[in-house]
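Enquirer: One structure coming up, written as structure tokens, with questions to follow.
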Amino acid sequence: MDPYLTLILVLLVFVLLQGGLSLLRREPLSGRQVTETLLAGAVIIAIARLAGAPPPAVLFFIALYLLTMRARILVDIANSVARQGRVKVAGRLYDLALKLATVPVERLTVRANQGALLLQQGQVDQAVGVFEDVLKVPAALGVRLEAACRCNLGLAYLRQGRIGLGRAQLHETLDLLPGSLYAQRARLALRRLEAQEPPQE
531 MDPYLTLILV LLVFVLLQGG LSLLRREPLS GRQVTETLLA GAVIIAIARL
581 AGAPPPAVLF FIALYLLTMR ARILVDIANS VARQGRVKVA GRLYDLALKL
631 ATVPVERLTV RANQGALLLQ QGQVDQAVGV FEDVLKVPAA LGVRLEAACR
681 CNLGLAYLRQ GRIGLGRAQL HETLDLLPGS LYAQRARLAL RRLEAQEPPQ
731 E
């Protein structure tokens, strides 16, 4: 098979896999992301054609992954670094990911993770502001990311003493993804709330 035709097929398969991953994450499909992927692939293929040196299909696939998933890769690295307690490094990685993110759901993912880091650091008011901003556009989030934000926002509200708002967000988390890790955290927080409330006479 012609090597350039192979690269075109790899590009189309990659786009299909991207769409499948979006569905698995329960995120809205992004036309901009598809366009960016096709453009990046077309540029690489054109350069290879001009140079007369088509890259191996595996390397082409890896290049597409690194180019189009750069923001998510940085978020994953930042999350890992944050778990190690290297908060400043994680913060810088989130900032870089935000600059590199071109798709709305990616930018919102970065912001949601920044909010989670602020909450872990005890900067509750700032975290609340971030989560509230992210949740202004729930249609762009996808169910999983929205559940994560609502769970964290609910926990942040509880820390502020805004019990009613916190409870409402935690219940919304349960409604969105009842079997998820976020729902488990929300359920646990609600049980603790119930245990703290005085019995009704």
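In our numbering, the protein residues as written are 531 to 731.
Glycine included, every Cβ here is placed at the ideal spot set by N, Cα and C.
1. Rounded to the nearest angstrom, what separates residue 571 and residue 706 at their Cα positions?
2. Report the CB separation of residue 699 from residue 717 in whole angstroms; it is logged as a contact under 8 Å.
3. For residue 582 and residue 611, what's the separation of their Cα atoms in angstroms?
4. Can you look up residue 571 in the DSSP assignment and give me helix, strand or coil?
5. Could you tell me whether the region 665-682 touches the region 588-595, using the rule of 3 or more Cβ pairs below 8 Å?
6. Please classify residue 553 as buried or exposed, where buried requires at least 16 other C-beta atoms within 10 Å of its C-beta.
7. To the nearest angstrom, how far is it from the Cα of residue 576 to the Cα of residue 543?
8. Measure how close the beta-carbons of residue 642 and residue 684 come, nearest whole angstrom, since I'm counting them as under 8 Å.
9. What would DSSP say about residue 627, mapped onto helix, strand or coil?
10. Going by C-alpha to C-alpha distance, which of 578, 636, 688 and 589 sits closest to residue 602?
11. Since residue 654 and residue 627 should fall inside the 8 Å C-beta cutoff, what is the C-beta to C-beta distance between them, to a whole number of angstroms?
12. What's the C-alpha gap between residue 656 and residue 607?
13. Rounded to the nearest angstrom, what separates residue 564 and residue 587 at their Cα positions?
Expert: Quick look at the numbers:
1. 36 Å
2. Between residue 717 and residue 699 the Cβ distance is about 13 Å, and since that is not below 8 Å, they are no contact.
3. 41 Å
4. helix
5. no
6. exposed
7. 18 Å
8. Not really, about 14 Å apart at Cβ, beyond 8 Å.
9. helix
10. 636
11. Residue 654 to residue 627, Cβ: 23 Å. No contact.
12. 23 Å
13. 19 Å
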